[in-house]
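Residues 1 to 482 (full-length UniProt numbering) make up the sequence shown, in order. In this text, a Cβ means the ideal position worked out from N, Cα and C, and glycines have one as well. Scroll down for the structure; my scribbles are underneath it.
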Amino acid sequence: MSQIDVNFQDAQQAFLILKSIKKNKMADFLEEMAKQIDGIRDDLIPTAARESHLPEGRITGELGRTLGQIRLFSQLVAEGSWVEATIDRADPERKPAPKPDIRRMLKPLGPVVVFGASNFPLAFSTAGGDTVSALAAGCPVIYKAHPAHPETSRMVTEAIKNAVRISGLPKGTFQQVEGGIDTGQQLAVHPLAKAVAFTGSFRGGKALFDACNARENPIPVFAEMGSVNPIVAFEGYLSNELESAASAFSGSLTLGVGQFCTNPGLIFIPKSKEEAFSEAVLSHLKEVSGAAMLHEGICHSYYQALETLSQSKELTWLLSSKPSELLTGNAALAKVKAKDWLENEAFQDEVFGPFGIMVIYEDEAQLKELAEKLKGQLTCTVWAEVDELENNRPFLSLLEEKCGRVLFKGVPTGVEVGHAMQHGGPYPSTTDSRSTSVGTHAINRFARPVAYQDMPEQLLPEALKDENPLGILRKVDEKWEA
């Protein structure tokens, strides 16, 4: 038996316990998990900064986000209504046939494989949103550590294992595995794996998706794979807000050296504002100094992508960038006419780094063509005055088909962690547009509905018992009750 087989055997044994665990015990475990991670912050922050080349201030903020989302899920589990308990009571007198008693709720899937992300060594890695939402659902996690920050992952893993031990949960509740691509593939296709969560490149996510769909028993893959997060700017808005818009776009484009999944790599600008907006953006970008990227592989891929795009005669380069010091990512900006952008799908490919393309459109009719051509995105941002929005409702309706989150002010970077957040969109941004990897709805990825028909009261899960011992919100005979 291989070590991976042992990992899954332990995870499966843990699942048999976790699937029926009391909600308060799981909530307490998540609180303890946050406490244990917070307790190593003095060593964790400099370690994560050193391995990721991110400043300690950024890591400190990311740690706060990580702890916040763990505690948010603890509150969700403690409240308990996330299981969507639904009860249709029996009616033996119904004609022409008696109505059975049917009760439905969400139950955990089983062992989940989570892949860590390179760009968030804490919030999308060992104890990140995928891990905590799977655990909150009652699913044990086998975590595939990202090789870019191994020591950070080990430190957080030990903290989680301490929380597992203190909380009296089975040892297979959380396990970390290290290795390369082959190891990841073995985890994804293991017969005991019931779901996969991934944040990373399109190539990596698609490979996992294909492998899991080729299994004898296919399993869901929730992969976030990349997005260019277009901003659509209207003429009236830019007439009033050109300078602030240029500043916002430049700042969002280069935030984190362009290594967020929501950096806006594409912006649509009306021809009447082309020159003014170009000059304003350039003035801001020239003030941004290059900074270290996450690792050499990402830096190399960034400049390789720029080199490939430089061969496209349709692009006009407003700010070019060449590799200088090791790991340094410098901003770059190009523009293209809308008619040329429409003819080349490569202009929609994500370039992971501080690079953007300005697409110059002639009129609102052409803007509709551009929106129709867009691939699936995590976000789309609309900068427009109220009357411009009112006059373009069909365009807005079209745009919402292309993404998971539509913004009407601000920029897409900075993803709020809350109940209403949607961080997932149509393919190829994710493999399942119905899911989110941020916010409490992320828990639904790792649960499935089970209905019980005419089950004796004493055998029903507590969430479905008549007296509602959990005190949760339920839908009973078509009415909401608590």
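Expected contact under 8 angstroms - CB spacing of residue i and residue j to nearest Å
i, j, result
"Pro354", "Ala334", "Pro354 to Ala334, Cβ: 13 angstroms. No contact."
"Leu109", "Lys194", "4 angstroms"
"Pro412", "Thr379", "4 angstroms"
"Lys373", "Leu342", "6 angstroms"
"Gly424", "Thr436", "5 angstroms"
"Ser250", "Val288", "7 angstroms"
"Leu370", "Leu319", "Between Leu319 and Leu370 the Cβ distance is about 23 angstroms, and since that is not below 8 angstroms, they are no contact."
"Phe202", "Met225", "4 angstroms"
"Phe115", "Ala197", "7 angstroms"
"Asn330", "Glu364", "Not really, about 35 angstroms apart at Cβ, beyond 8 angstroms."
"Ala291", "Val257", "5 angstroms"
"Gln36", "Ala163", "5 angstroms"
Alpha carbon of residue i to alpha carbon of residue j, nearest angstrom
i, j, result
"Glu362", "Cys403", "24 angstroms"
"Lys23", "Val77", "6 angstroms"
"Pro270", "Leu389", "15 angstroms"
"Glu84", "Lys475", "8 angstroms"
"Asp42", "Glu151", "14 angstroms"
"Val113", "His300", "29 angstroms"
"Val221", "Asn7", "20 angstroms"
"Val186", "Tyr302", "Rather than Val, the amino acid found at residue 186 in this sequence is Gln. The straight-line gap from Cα to Cα measures roughly 29 angstroms."
"Gly57", "Ser321", "27 angstroms"
"Pro140", "Ser324", "44 angstroms"
"Gln13", "Ala134", "16 angstroms"
"Gly414", "Asn263", "9 angstroms"
"Pro111", "Asp10", "10 angstroms"
"Asp210", "Glu467", "45 angstroms"
"Gly138", "Ile160", "15 angstroms"
"Leu255", "Val228", "14 angstroms"
"Phe408", "Gln377", "16 angstroms"
"Lys465", "Pro121", "42 angstroms"
"Ile181", "Val406", "34 angstroms"
"Thr173", "Gly297", "33 angstroms"
"Ile231", "Ile267", "5 angstroms"
"Arg89", "Asn444", "25 angstroms"
"His441", "Ile45", "28 angstroms"
"Ser433", "Gly61", "28 angstroms"
"Leu63", "Val156", "11 angstroms"
Proximal residues to residue i (C-beta, below 8 angstroms), its chain only, five neighbours per side dropped
i, result
"Ala420", "Gly439"
"Asn217", "Pro191"
"residue 483", "What is shown of the chain runs 1 to 482, which leaves residue 483 out entirely."
"Met105", "Val83, Glu84, Ala85, Thr86, Pro449, Val450, Pro461, Ala463, Leu464"
Element boundaries [beta strand (DSSP E), containing residue i]
i, result
"Gly404", "403-407"
"Thr86", "86-88"
"Pro108", "102-108"
"Phe268", "266-270"
"Ile360", "355-361"
"Val476", "474-476"
"Phe222", "221-224"
"Val386", "Unbroken run through Val386 is the alpha helix (DSSP H), 386-390; no beta strand (DSSP E)."
Opening and closing residue of the alpha helix (DSSP H) in which residue i lies
i, result
"Pro449", "Where Pro449 is concerned, there is no enclosing alpha helix (DSSP H), although the beta strand (DSSP E) it sits in stretches over 447-453."
"Trp341", "338-341"
"Arg41", "41-52"
"Leu192", "That residue, Leu192, is in no alpha helix (DSSP H); it is neither H nor E in DSSP."
"Gly57", "56-79"
"Leu238", "235-254"
"Tyr302", "296-309"
"Cys212", "202-213"
"Val6", "3-18"
"Phe174", "No alpha helix (DSSP H) contains Phe174, which is instead part of the beta strand (DSSP E) from 174-177."
"Phe395", "393-400"
Residues near residue i in its chain [Cβ-Cβ closer than 6 angstroms; skip 5 each side]
i, result
"Gly236", "Glu385, Glu388"
"Glu462", "Pro469, Leu470"
"Gln453", "Pro100, Ile102"
"Ala248", "Val411"
"Ile166", "Glu32"
"Ser118", "His146, Ala148, Leu294"
"Asp91", "Lys99"
"residue 484", "Past the boundaries of the shown model lies residue 484; the chain is included only from 1 to 482, so the question cannot be answered."
"Ser252", "Pro264, Val411, Thr413"
Own chain residues within Cβ distance below 7 angstroms of residue i, not counting five before or after
i, result
"Ala34", "Leu67, Ile70, Arg71"
"Arg65", "Ala123, Val417"
"Glu178", "Ala145, Pro150"
"Lys107", "Lys19, Ala447, Arg448, Val450"
"Trp480", "Leu473"
"Ala338", "Val359, Ile360, Tyr361, Glu362, Gln366, Leu370"
Taking contact to mean at least 3 C-beta pairs separated by less than 8 angstroms, is the region 395-410 in contact with the region 342-361?
Judged by pairs of C-beta atoms under 8 angstroms, the region 395-410 does not touch the region 342-361, as fewer than three such pairs exist.
Quick check: the region 124-134 against the region 92-99, are there 3 or more CB pairs under 8 angstroms?
no
Three-pair Cβ contact test at 8 angstroms for the region 446-459 versus the region 64-77
Contact between the region 446-459 and the region 64-77 is absent, because fewer than three Cβ pairs lie under 8 angstroms.
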